[in-house]
Each structure stands twice: as C-alpha cells, then as structure tokens.
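Asker: Counting from 18, one number per residue, gives the positions in the sequence shown under the working numbering. Glycine included, C-beta positions come from ideal geometry on N, C-alpha and C. Right, I'll just put the structure down here and ask away after.
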Amino acid sequence: MIPDFKGHHFVEEFKPGEPPAWHHCERCGVKAMLRPDGSTFFNVGQRGIFHKPEDRIPLNALPVPPCNVVRPA
Ligand SMILES: [Zn+2]
18 MIPDFKGHHF VEEFKPGEPP AWHHCERCGV KAMLRPDGST FFNVGQRGIF
68 HKPEDRIPLN ALPVPPCNVV RPA
C-alpha cells in the first residue's frame, strides 16, 4: 500500500494481486501505481514520478504536489 503523505490518502482500485495495482487519492484523484519491482509511480506532471524504496527518499520529499482535496474535472 502507499502511505499517506502531503495530505494524500491512496486507496487501491483493483483487487489485490491484480497487476498493475493502480491506486488513487480519494481526496484529489491523483493516480499512483505500485510496480512489481517495489517502486511506486505517481502519475503527476508530464512524465510522472518514480519512487524507489532503495533510494530512501521520503515520500514528502518527492516533487508530488500536495493534496488539494479537490477532484479534477
Ligand atoms: Zn490527494
């Protein structure tokens, strides 16, 4: 699962074990995917942002915009 950060609260969209495991923030609608290699892809910006656990970068330090609590149109 993806922990909460910057106000985002991610929930899984599909059944566990059904790859790819897309998640979305239930507050603002930002999409993210847990990849089989353990990294997380955030679908923000033009190319998205990858987060790898081995990089030891806190989620709060990623260039993901804070949750705005408003769903995109
Ligand atoms: Zn959010």
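Compute the minimum distance between the beta carbon of H25 and the heavy atoms of ligand 1, and state whether it is under 6 angstroms.
Answerer: Position 8 of the sequence shown, counted from the first residue, corresponds to residue 25. Taking 6 angstroms as the cut-off, one finds at least one heavy atom of ligand 1 near enough to the beta carbon of H25.
Asker: Of the choices F67, I74, G24 and R52, whose alpha-carbon is the least far from that of M18?
Answerer: Counting from 1 along the sequence shown, the entry for residue 18 is found at position 1. Checking every option, the nearest Cα to that of M18 belongs to R52.
Asker: Round the Cβ separation of F22 and N60 to the nearest angstrom and send it over; I've been treating them as touching at under 8 angstroms.
Answerer: The residue given as residue 22 occupies position 5 in the sequence shown. The residue given as residue 60 occupies position 43 in the sequence shown. In fact, because the Cβ distance is near 15 angstroms, the residues do not count as touching under 8 angstroms.
Asker: If you measure between the beta carbons of H26 and E43, is that distance less than 7 angstroms?
Answerer: Numbered from its first residue, the sequence shown carries residue 26 at position 9. Numbered from its first residue, the sequence shown carries residue 43 at position 26. Result yes, Cβ atoms of H26 and E43 sit closer than 7 angstroms.
Asker: In its own chain, which residues sit with a C-beta less than 6 angstroms from the C-beta of W39, not counting the 5 before and 5 after it?
Answerer: Within the sequence shown, residue 39 is the residue found at index 22, counting from 1. Cβ neighbours of W39 beyond the five flanking positions: E30 and M50.
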